[in-house]
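Protein chains: 2
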Amino acid sequence: MTRVPIAGVGMTAFGAQGERTSRDLFAEAASKAYDDSGLAPEDVEEVFYGNYMGELAEGQGHSGPLAAEAAGVTAPATRIESACASSGAAVRHGVNRIRNGDVDVVLVGGAERMTNLSTADGTAGLAAAADALWEINAGMTFPGAYSLMANRYFEEYGGTREDLAHIAVKNHDHAVENELAQFRRSIDVKDVLTAPDVCSPFGLYDCSPMSDGGSAALLVSESFAEERGLDPEVAIVGTGQGGDRMALQDRASMARAPAAERAASAAYADAGIGPDDVDFAEVHDCFTIAEVLAIEALGFYEVGEGIDAATEGETAIDGELPINLSGGLKAKGHPVGATGCGQISELTKLLRGDHVNSDAVEDAETALAHNAGGTVASCVVTVLEVTQ
Amino acid sequence: MTRVPIAGVGMTAFGAQGERTSRDLFAEAASKAYDDSGLAPEDVEEVFYGNYMGELAEGQGHSGPLAAEAAGVTAPATRIESACASSGAAVRHGVNRIRNGDVDVVLVGGAERMTNLSTADGTAGLAAAADALWEINAGMTFPGAYSLMANRYFEEYGGTREDLAHIAVKNHDHAVENELAQFRRSIDVKDVLTAPDVCSPFGLYDCSPMSDGGSAALLVSESFAEERGLDPEVAIVGTGQGGDRMALQDRASMARAPAAERAASAAYADAGIGPDDVDFAEVHDCFTIAEVLAIEALGFYEVGEGIDAATEGETAIDGELPINLSGGLKAKGHPVGATGCGQISELTKLLRGDHVNSDAVEDAETALAHNAGGTVASCVVTVLEVTQ
């Protein structure tokens, strides 16, 4: 395990951003990361940029060099696409690049523009992260896929729509004071249960929204941080990535997420810790059930027991293991290519004490990000620690 | 510099592949790489997969896990998108991953399906690798962009359409015996000059075709190769990646390729060699002028002198520095996501002596691949050496 200090982070507000393009959004996020770190574009030696559906939403591929340009950099830049885990994967490859020892400063992050699309086009664009031949051709979209997972979970382990509702309520609560969040208002269980149906068991509040947004982080080597007197308060100490069969029908169970289990196992080994060492986490709650699968795959809860966590208040801001203090994908928003690095940005601020919800985790030392792609056919887990 | 042995390579034929999808094409390429190496899917610890326009051509994003699945692997898999340099970049990140020391076997490669699209849709899809706001919106497509580069080159350094024609003629000659090539027939200068116009100064034969295809390589650590008694005859000894402003109008010159210069400089430094040490190369001749810009950026020729190389026979199969012995993108074909790793496959076989054109480079020790994205807003250069 080589620690990779986070010199600075930046995020746009997530939500509807009107005419702003992905490059505009990433430029803002990168600019904030420069300000946060004291570093400049000239310092950057490589860029890893996550973007999912630029071709479909903006007619723009080859977005690595374009993102670098938006951040004022001509260093080598690579676009990483792993559906909703795109910028989580970008962070991981940035960490590995620093660990190669060849470069000292890597800019990672991502951006996505989605709200310029109609709901139908946005839904169809997102569906391209499933198996085009065997799922999309059969009419599957992501609300449908995750609802299958939820129903299967209920059948195998129990649980109710109301349990899921508590997850949405919790994450909305967490977002109220987060000025970068898309939905800054509390909801209650009744709101969730009486919301318009999307796909049983999901109503509107079980689903993360369409969002625009950008995120960025500047990763540095320990020697560079020392040489430049940066003194970063947080470092990445472990990463892991897991894969799985693409289509739900090819998996042993629709109520488990083995790619996340693999990613977590690798990240814990890399960091030299276990799930009990994690003080709080951001997990990929694209749908309410996804948070349940995540906290089980991460080893925070036994399989079949994660469903009660929010209902019992254990994962709330004042619970034992706060989950999604930012508001999560549900309430902070989910501009898919920006989400993974957005988690890193939020966790860094929470650990440093400069996040609106930092008080809830005042003595915390270890935090974790869980970023999933598709129906968890890919997953990246990242472990952060305070350096002092 | 840490050598990364190439345990095995595989490629489909490039060309029109009917109903075959990208996953089918990558499965075939990976299968050939397994056979070539003696390794099995269970040995693979990570996958880097290059694909450019799966969303547009096949309605399929998130293709990292899908490519891994096609190759029989559930290890972490990441899709790399850098336009036509996608699988060159996948190779580079695979090399870096082996060099991290965490994994011993990485499957790299790429695939693209293009011939299922109409010419208009294919051209529009490719154009998404340029700047959507400032080039595509102005009506630019790639034949137009590269023709601007050619005309500017002529104005700055001289040269004629006939000089470019010699490049097409040479690369067609090289492809005649290559059973994986799309166009296995000789043409002459008159054929090129009298072909239908595409965009002045280009006729049809100045342009690489739409193609389907897949490519793969198995990269291993030296310790793993030794332990398993693999004895690979070729290794990657250096890689470099370069970036540039996205739009042609933002560059200092349209007749140069600084991203390629940067990639070459980094790759040479990594390999501890210079351009004079290279015995032969595969370069990214998406248009005839691109080969000129490449051999100059790589330092094989002074700026302004590369235009005469093919005319004078220096880069032909019996010349001093054979370029594109496979037939190049021009005649072997250009399934964009497969092209970069396809170069690695061809160079490996040429160096090992089991390529149809190996006799031309019998005592060669060092070869180089140059893989460019867009109008060279991104570029990856890879140096290969024989290990004995």
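Taken in sequence, the protein lines are chains F and D.
Numbering follows my numbering, in which position 71 of the first sequence is assigned residue number 71; successive positions increment by one, without gaps.
Position in the second sequence (from 1) plus 1000 gives the number in my numbering.
Glycine included, each C-beta is placed from N, C-alpha and C at the ideal position.
- Message: Residues of the stretch 1087–1121 of chain D in Cβ contact with chain F at a cutoff of 9 Å, in chain order, please.
- Response: A1089, R1092, H1093, N1096, R1097, R1099, N1100, G1101 and D1102
- Give, in chain order, every residue of the stretch 45–59 of chain F whose Cβ lies closer than 7 Å to some Cβ of chain D. Here the close residues are Y52, M53, E55, L56, E58 and G59.
- Query: Cβ of D:P1196 less than 8 Å from any chain F Cβ?
  - Reply: Residue numbering aside, residue 1196 of chain D sits at position 196 when the second sequence is read from its first letter. For D:P1196, the answer is no, since every Cβ of chain F falls outside 8 Å of its Cβ.
- Message: Here's a check: name, in chain order, each residue in its chain whose Cβ is nearer than 7 Å to the Cβ of D:E1162, leaving out the five neighbours to either side.
- Response: Taking the first residue of the second sequence as 1, we reach residue 1162 of chain D at position 162. V1189 and L1193.
- In or out: F:Q249 buried (at least 16 other Cβ within 10 Å) or exposed? Looking up residue 249 of chain F in the first sequence gives position 249. Label assigned to F:Q249: exposed.
- Query: To the nearest angstrom, how far is it from the Cα of D:E1028 to the Cα of D:G1342?
  - Reply: One-based indexing of the second sequence puts residue 1028 of chain D at position 28. One-based indexing of the second sequence puts residue 1342 of chain D at position 342. Their Cα atoms are separated by approximately 13 Å.
- Message: If the cut-off is 7 Å on Cβ atoms, which residues from the stretch 1236–1255 of chain D count as contacting chain F, listed in chain order?
- Response: Answer set for the stretch 1236–1255 of chain D: Q1241, G1242, G1243, D1244, R1245 and M1246.
- Can you tell me which of F:A372, F:G139, F:V356 and F:G109 puts its alpha carbon nearest to the alpha carbon of F:A297? Position 297 of the first sequence, counted from the start, is the residue given in the question as residue 297 of chain F. Nearest of F:A372, F:G139, F:V356 and F:G109 to F:A297, Cα basis: F:A372.
- Item | Span separating the alpha-carbon of F:V386 from that of F:I295 | The sequence position of residue 386 of chain F within the first sequence is 386, counting from 1. The sequence position of residue 295 of chain F within the first sequence is 295, counting from 1. Between F:V386 and F:I295, the C-alpha separation is close to 22 Å.
- With distances taken from CA atoms, which of F:L329, F:G8 and F:N116 is nearest F:G59? Numbered from 1 along the first sequence, position 59 holds the residue referred to as residue 59 of chain F. Of the listed residues, the one whose Cα sits closest to F:G59 is F:N116.
- F:S410 in three-state terms, based on DSSP: The question about residue 410 of chain F has no answer here: the residues shown for chain F are numbered 1 through 388.
- Report the residues of the stretch 349–376 of chain F with a CB closer than 8 Å to any CB of chain D, ordered along the chain. G373 and G374
- On the DSSP bridge assignment, give the partners of D:Q1241 in chain order. Here residue 1241 of chain D refers to the residue found at position 241 when the second sequence is read from its first residue. According to DSSP, D:Q1241 bridges with D:V1380.
- Task: Output, in chain order, the set of chain F residues within a Cβ distance shorter than 7 Å of D:G1299.
- Result: Within the second sequence, numbered from 1, the residue matching residue 1299 of chain D stands at position 299. Within chain F, no residue comes near D:G1299; the closest Cβ sits about 19 Å away, beyond 7 Å.
- For D:V1004, which residues does DSSP report across the bridge? As a first step, residue 1004 of chain D must be located in the second sequence, where it is residue number 4. According to DSSP, D:V1004 bridges with D:I1236.
- Three or more C-beta pairs closer than 8 Å, one from the stretch 350–360 of chain F and one from the stretch 322–330 of chain F: is that the case here? yes
- Query: Relative to the C-alpha of D:V1073, which residue among F:Q388, F:A377 and F:T382 is closest?
  - Reply: Numbered from 1 along the second sequence, position 73 holds the residue referred to as residue 1073 of chain D. When only C-alpha atoms are compared, the closest one is F:A377.
- Item | Contacts around D:F1142, its chain only, beta-carbon distance under 6 Å, and the 5 residues preceding and following it disregarded | Your numbering for residue 1142 of chain D matches position 142 in the second sequence. Only L1126 meet the Cβ criterion.
- Contacts of D:H1284 in chain F (Cβ-Cβ under 7 Å): Counted from its first residue, the second sequence places residue 1284 of chain D at position 284. Under the 7 Å cutoff, chain F gives no residues; its nearest Cβ is about 14 Å from D:H1284.
- Query: Per DSSP, what kind of secondary structure is D:C1341 in: helix, strand or coil?
  - Reply: Locating residue 1341 of chain D in the second sequence gives position 341, where the first residue counts as 1. Three-state DSSP puts D:C1341 in a helix.
- Just how far apart, CA to CA, sit D:A1247 and D:E1135? Numbered from its first residue, the second sequence carries residue 1247 of chain D at position 247. Numbered from its first residue, the second sequence carries residue 1135 of chain D at position 135. C-alpha separation (whole angstroms): 7 Å.
- Alpha-carbon to alpha-carbon, F:E69 and F:G274: Walking along the first sequence from the start, residue 274 of chain F turns up at place 274. Walking along the first sequence from the start, residue 69 of chain F turns up at place 69. So the alpha carbons of these two residues sit roughly 39 Å apart.
- Complete beta strand (DSSP E) runs within the stretch 1022–1089 of chain D (minimum length 3 residues, chain order): 1046–1050 and 1077–1081
- Message: Do D:C1084 and D:G1242 have their beta-carbon atoms positioned less than 8 Å apart in this structure?
- Response: Counting from 1 along the second sequence, the entry for residue 1242 of chain D is found at position 242. Counting from 1 along the second sequence, the entry for residue 1084 of chain D is found at position 84. No. Outside cutoff.
- Count the other CB atoms, across all protein chains shown, that sit within 10 Å of the CB of D:R1185; report buried if there are 16 or more and exposed otherwise. Here residue 1185 of chain D refers to the residue found at position 185 of the second sequence. Exposed, since its Cβ has fewer than 16 Cβ neighbours within 10 Å.
- Message: So, with DSSP's three-state summary, where would you put F:E112?
- Response: Numbered from 1 along the first sequence, position 112 holds the residue referred to as residue 112 of chain F. If DSSP states are grouped into helix, strand and coil, F:E112 belongs with the strands.
- Query: Is there contact between the stretch 1104–1120 of chain D and the stretch 97–111 of chain F, where contact requires at least three CB pairs shorter than 8 Å?
  - Reply: no
- What are the boundary residues of the alpha helix (DSSP H) that includes F:T119? Reading the first sequence from its first residue, position 119 is the one you call residue 119 of chain F. Taken as a continuous stretch (DSSP letters only), the alpha helix (DSSP H) holding F:T119 covers T119 to A127.
- Item | Opening and closing residue of the beta strand (DSSP E) in which D:L1219 lies | Taking the second sequence and counting its residues from 1, the one referred to as residue 1219 of chain D is at position 219. G1213 to V1220 is the extent of the beta strand (DSSP E) around D:L1219.
- In terms of DSSP beta bridges, what is F:D197 paired with? Looking up residue 197 of chain F in the first sequence gives position 197. DSSP lists F:G203 as partners of F:D197.
- How many Å lie between D:S1031 and D:F1014 at the Cα? Residue mapping note: residue 1031 of chain D aligns to position 31 of the second sequence, counting from 1. Residue mapping note: residue 1014 of chain D aligns to position 14 of the second sequence, counting from 1. Taking the straight line joining both Cα atoms gives about 16 Å.
- So what does F:G15 bridge to, in DSSP terms? As a working mapping, residue 15 of chain F is identified with position 15 in the first sequence. DSSP lists F:D212 as partners of F:G15.
- Message: Give me the residue from D:A1124, D:N1151 and D:A1150 with the minimum Cα distance to D:A1138.
- Response: If you number the second sequence from 1, residue 1138 of chain D lands on position 138. Out of D:A1124, D:N1151 and D:A1150, D:A1124 has the C-alpha closest to the C-alpha of D:A1138.
- Task: Taking the CB atoms as reference points, tell me whether D:L1164 and D:T1288 lie closer together than 8 Å.
- Result: Position 164 of the second sequence, counting from 1, holds the residue named residue 1164 of chain D. Position 288 of the second sequence, counting from 1, holds the residue named residue 1288 of chain D. Closer than 8 Å, so yes.
- Message: Quick check on D:E1028 - is its C-beta less than 8 Å from some C-beta in chain F?
- Response: Taking the first residue of the second sequence as 1, we reach residue 1028 of chain D at position 28. Cβ-Cβ to chain F under 8 Å: no for D:E1028.
- Message: Within 8 Å of any Cβ in chain D, is that where the Cβ of F:L66 sits?
- Response: The count along the first sequence starts at 1 and reaches residue 66 of chain F at position 66. Output row for F:L66: interface = yes.
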